[in-house]
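For the sequence shown, the UniProt record's numbering begins at 4 and goes up steadily by one.
For every residue, glycine included, the Cβ atom is placed at its ideal position computed from N, Cα and C.
Quantities reported herein were computed from a predicted structural model and do not represent experimental measurements.
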Amino acid sequence: KQALNIVKFKKMKTDGVPISMLTAYDYPSAQLAEEAGIDMILVGDSLGNVVQGNETTLPVTIDDMVYHARTVKRGAPHTFIVADMPFMTYHGSIDESMRGVRRLMQEGLAHAVKMEGGQEICGTVAAIVAAGVPVLGHIGLTPQSVNMIGGYRIQGKDAKDAQRLMDEAKALEAAGAFGIVLELVTEEVARAISEAVSIPTIGIGAGRYVDGQVLVYHDLLRYDSSYREKRFVKTYADIGNVIREGISQYVQDVKQRSFPEERHVFNADETVLESLYGN
Ligand code: KIV
Ligand code: NA
Numbered sequence: 004k005q006a007l008n009i010v011k012f013k014k015m016k017t018d019g020v021p022i023s024m025l026t027a028y029d030y031p032s033a034q035l036a037e038e039a040g041i042d043m044i045l046v047g048d049s050l051g052n053v054v055q056g057n058e059t060t061l062p063v064t065i066d067d068m069v070y071h072a073r074t075v076k077r078g079a080p081h082t083f084i085v086a087d088m089p090f091m092t093y094h095g096s097i098d099e100s101m102r103g104v105r106r107l108m109q110e111g112l113a114h115a116v117k118m119e120g121g122q123e124i125c126g127t128v129a130a131i132v133a134a135g136v137p138v139l140g141h142i143g144l145t146p147q148s149v150n151m152i153g154g155y156r157i158q159g160k161d162a163k164d165a166q167r168l169m170d171e172a173k174a175l176e177a178a179g180a181f182g183i184v185l186e187l188v189t190e191e192v193a194r195a196i197s198e199a200v201s202i203p204t205i206g207i208g209a210g211r212y213v214d215g216q217v218l219v220y221h222d223l224l225r226y227d228s229s230y231r232e233k234r235f236v237k238t239y240a241d242i243g244n245v246i247r248e249g250i251s252q253y254v255q256d257v258k259q260r261s262f263p264e265e266r267h268v269f270n271a272d273e274t275v276l277e278s279l280y281g282n
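Here you go:
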């Protein structure tokens, strides 16, 4: 089976076929996502939150992204993989941005990179695309700018904000982005953007009228000790509870010496007993 590609994603938009995208961060999560038939995997810098336990995505480094991208690639060799450019790796010189892109592509073995922002990053987007690397845009709530935005707020509630998002989307399309993630955007604005651009929009908390959906692995599956409900997430399994219950059963079994059982042990032949204990 061949991975999809940016030409196919565009055709999916034209044909009205929704694109399914999910984050993954390591070998088993990527394997399971690929086996489940996901169209595109995002190695998101949300790993700063859900894997590393940070408050924000800001501490994530290019080394972290390369490490996780490689493990995802091993688990999902036949799936299109996008890797996030982390905080402060694409706002300096083009050269510096290119070094990060090179590492994600050449060491992380991603198919594409994702960057947060609008017009201010379009020069960099165009240069990366010109180098042969597909770029996925990301507008709306952009978590790397949480300190400027002042929290994780819904974007596109009023007319001025709607126009700003529309302008950003068109600028990213013109710069050569192959798609745009719309995060926490009102449904009406996400719909209008999706109709206005020819490249696929992938929504997270952006309603129904986008060209694809993306969710965070740990949200979809409640892979967390204290999952907080998020309105835009539908949880499809509760693996946090399954894992906790499994481990606590194991602890009990060890304490009660009910694990291991006879069927889990290896036996030597009879002569060993004699040699160990004599006759
Ligand atoms: O890092 C991430 O998981 C993301 C998605 C929320 C789009 O950027
Ligand atoms: Na991200």
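Every residue whose beta carbon comes nearer than 5 Å to a heavy atom of the ligand NA appears here in chain order: Gly47, Asp48 and Asp87. A straight line joining the alpha-carbon of Asp29 with that of Met101 spans about 24 Å.
With a cutoff of 8 Å, Pro146 counts as near the ligand KIV, since its C-beta is closer than that to a heavy atom of the ligand.
In this structure, Gly208 sits near Glu186, with a CB-CB distance shorter than 9 Å. Residues of the same chain with a CB within less than 6 Å of the CB of Asp241, apart from the 5 flanking positions on each side, are Arg225 in chain order. Residue environment for Thr82: buried (at least 16 other C-beta atoms within 10 angstroms of its C-beta). If one requires a minimum length of 4 residues, the alpha helix (DSSP H) runs lying completely within the stretch 19-56 are 30-38 and 50-53, in chain order.
Ala129 and Ala178 do touch by the CB rule: their CB atoms are close to 5 Å apart, below 8 Å. In the structure shown, Ala130 adopts helical secondary structure according to DSSP, grouped into three states.
Taken from the Cβ of His71, every heavy atom of the ligand KIV lies 8 Å or farther away. With a cut-off of 8 Å, the C-beta of Lys233 is classified as distant from the ligand KIV, since no heavy atom of the ligand falls inside that distance. Collapsing the DSSP output to three states places Ile157 in coil. Within the same chain, Cβ atoms closer than 6 Å to the Cβ of Val132 are found at Val138 and Gly179, the five residues on either side in sequence being excluded. In this structure, the ligand KIV has no non-hydrogen atom nearer than 8 Å to the beta-carbon of Thr59.
Sixteen is the threshold: when 16 or more other Cβ atoms of the shown chains lie within 10 Å of the Cβ of Glu37, as they do, the residue is buried.
When DSSP states are grouped into helix, strand and coil, Thr64 belongs to the coil group. In the DSSP assignment, Glu265 is bridged to no other residue. According to the DSSP secondary-structure assignment, Gln216 is paired through a beta bridge with Ser23 and Gly206. In chain order, Gly78 place their CB closer than 7 Å to the CB of Pro31, counting only its own chain and leaving out the 5 sequence neighbours on each side. In the three-state DSSP reduction, Phe12 falls in the helix class (H, G or I). Here Gly140 is near Ile183, since their CB atoms are less than 9 Å apart.
Look at Gly182 here: in three-state DSSP terms it is strand.
When Cβ pairs closer than 8 Å are counted between the two stretches, the stretch 111-131 is seen not to touch the stretch 187-196, the count staying below three. Nearest Cα to Asp42 within the set Pro263, Gln216 and Asp48: Gln216.
In terms of Cα proximity to Asn150, the closest of Thr60, Val213, His221 and Met24 is Thr60.
If you check the C-beta of Glu186 against the ligand KIV, you find a heavy atom less than 8 Å away.
Rounded to whole angstroms, the separation of the alpha carbons of Val75 and Asp87 is 13 Å.
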